[in-house]
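J.:
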Amino acid sequence: MADGKVVNVSQTNHPGLSRALKGGTSNYGIAIHFRMNTLPGGDFWGGQVFYNMSTAITLQPLPQILTSKGAKNGGNVLGFTREDGNVVNAILTTYWNDAADDDRVHGESQRLIQEAQKMAKKAKVNIRALYLNYAAKWQDPIGGYGEDEVQFLKEMSTKYDPNGVFQNGIPGGYKVSGKNGSG
Numbered sequence: 001m002a003d004g005k006v007v008n009v010s011q012t013n014h015p016g017l018s019r020a021l022k023g024g025t026s027n028y029g030i031a032i033h034f035r036m037n038t039l040p041g042g043d044f045w046g047g048q049v050f051y052n053m054s055t056a057i058t059l060q061p062l063p064q065i066l067t068s069k070g071a072k073n074g075g076n077v078l079g080f081t082r083e084d085g086n087v088v089n090a091i092l093t094t095y096w097n098d099a100a101d102d103d104r105v106h107g108e109s110q111r112l113i114q115e116a117q118k119m120a121k122k123a124k125v126n127i128r129a130l131y132l133n134y135a136a137k138w139q140d141p142i143g144g145y146g147e148d149e150v151q152f153l154k155e156m157s158t159k160y161d162p163n164g165v166f167q168n169g170i171p172g173g174y175k176v177s178g179k180n181g182s183g
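So the sequence shown is numbered by the working numbering: it starts at 1 and just counts up by one.
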């Protein structure tokens, strides 16, 4: 906690803080231990392959079964609802060698993302949530959770960190106060 205390947070012990931690980034403290429910799985493989590419678009499915099970286990603040159905997280990654191109590449990437969001809204498939680990500095992933969730996060911040230690004294991350720690 902001005052140095170590607390055990769960659905039954500090349930509001438990929910806020599920998407609240560096706004509440430092988690040093996690207990997670897992599902049995079969064989799998993984790894990384790098090609000489300049851009990549990654699609990460978020099936409704995951969001509905999450809601049954205390929920989170990401703002997903059962009505959203199946969701796909699209991640645009760009690579370039010359720092002189930074502004141009960032500008074109921003334009492409904004155009894709317009198309999604027009097709009525836009979800306002942004995955904060991949958000750009110009985006507002916490605001994408929705007004009610942002208000809840602010209330939890005031309750558990009344002096604003994690809002003002800890660098990095998106802050519920609206201050962009680093993005």
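Glycine included, C-beta positions come from ideal geometry on N, C-alpha and C.
When the Cα atoms are used, what is the spatial distance from Gly29 to Ala2?
T.: About 7 Å.
J.: In whole angstroms, what separates the C-alpha of Tyr160 from that of Pro15?
T.: Approximately 12 Å, taken between the alpha carbons.
J.: Please classify Val9: is it buried, with 16 or more other beta-carbons within 10 angstroms of its beta-carbon, or exposed?
T.: Buried: at least 16 other Cβ atoms inside 10 Å.
J.: From what residue to what residue does the beta strand (DSSP E) around Pro171 run?
T.: Note, Pro171: premise wrong, no beta strand (DSSP E); not H, not E.
J.: Terminal residues of the continuous beta strand (DSSP E) containing Ala20?
T.: Unbroken run through Ala20 is the alpha helix (DSSP H), Pro15 to Leu21; no beta strand (DSSP E).
J.: Tell me which residue opens and which closes the alpha helix (DSSP H) that Leu59 is part of.
T.: It is not in any alpha helix (DSSP H) - Leu59 instead sits in the beta strand (DSSP E) that spans Thr55 to Leu62.
J.: Where does the unbroken alpha helix (DSSP H) through Val105 begin, and where does it stop?
T.: Run containing Val105: Asp102 to Lys122, per the alpha helix (DSSP H) assignment.
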